[in-house]
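A quick write-up on the structure given underneath.
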Amino acid sequence: MGFDQYHEPPDELPAATRTFARLCASLTEEAEAIGWYEQRLAVESDAEAAAIMRDAQGEEFKHFSMDLEFLLRRTPLWREIAQGILFQGGDIVAHGEAAEESAVEGAADRGEPLAGSESLGIGSVRAVAS
Numbered sequence: 584m585g586f587d588q589y590h591e592p593p594d595e596l597p598a599a600t601r602t603f604a605r606l607c608a609s610l611t612e613e614a615e616a617i618g619w620y621e622q623r624l625a626v627e628s629d630a631e632a633a634a635i636m637r638d639a640q641g642e643e644f645k646h647f648s649m650d651l652e653f654l655l656r657r658t659p660l661w662r663e664i665a666q667g668i669l670f671q672g673g674d675i676v677a678h679g680e681a682a683e684e685s686a687v688e689g690a691a692d693r694g695e696p697l698a699g700s701e702s703l704g705i706g707s708v709r710a711v712a713s
């Protein structure tokens, strides 16, 4: 794999951003591998071969989870949103909308800039006006 995971010149990106991009690429690759094993297992008739593939797929689940945890530890807002969605019963989309709204409002109230936003991180206007 080349360096096509970058959308900006790599030499202009901070090391932490390059590491983040590498882990995002790794997460994608692990997800693809999990899907490939799922397809192989769906058509494999040899029990021994299927057992080996299930074991290999388990390794991909582990690697995917490790990559995800690394990324979530580096992005508190993303982690907060994920905590409102993952391992919850009920409507996934509703949990996602509620988690995003809560996390974004909380970050704004704490004066934290939102990743990828144009926020200056100066806090919520509502908090000042109250």
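Under the numbering used here, read the sequence shown as residues 584 to 713, first letter to last.
Heads up, the beta-carbon is just placed ideally off N, CA and C, and yes, glycines get one too.
{"query": "Report the three-state DSSP secondary structure of proline 593 (helix, strand or coil).", "result": "helix"}
{"query": "Cα separation between phenylalanine 653 and alanine 599?", "result": "12 Å"}
{"query": "Does glutamate 615 come out as helix, strand or coil in the three-state DSSP assignment?", "result": "helix"}
{"query": "Excluding the 5 residues flanking phenylalanine 647 on each side, which residues of the same chain have their C-beta closer than 8 Å to its C-beta?", "result": "Leu610, Glu613, Ala614, Ile617"}
{"query": "Can you give the beta carbon distance from leucine 660 to alanine 690, rounded, assuming they're within the 8 Å contact cut?", "result": "5 Å"}
{"query": "Among residues of its own chain, excluding the 5 on either side of methionine 649, which ones have a beta-carbon nearer than 8 Å to its beta-carbon?", "result": "none"}
{"query": "In angstroms, rounded to a whole number, what distance separates the CA positions of proline 593 and glutamate 695?", "result": "26 Å"}
{"query": "Can you tell me where the alpha helix (DSSP H) with aspartate 587 in it begins and where it stops?", "result": "It is not in any alpha helix (DSSP H) - aspartate 587 carries neither H nor E in the DSSP assignment."}
{"query": "Can you tell me whether aspartate 635 is buried or exposed? The criterion is at least 16 other CB atoms within 10 Å of its CB, across all chains shown.", "result": "According to the sequence provided, residue 635 is isoleucine. The question's aspartate does not apply to it. By the 10 Å Cβ count, isoleucine 635 comes out exposed."}
{"query": "In three-state DSSP terms, what is threonine 658?", "result": "coil"}
{"query": "Restricting to Cα atoms, I'd like to know which of Arg623, Ser628, Leu651, Arg656 is closest to glutamine 640.", "result": "Arg623"}
{"query": "With a 10 Å radius around its C-beta and 16 neighbouring C-beta atoms as the bar for buried, classify leucine 669 as buried or exposed.", "result": "exposed"}
{"query": "Does DSSP put glutamine 671 in a helix, a strand or coil?", "result": "coil"}
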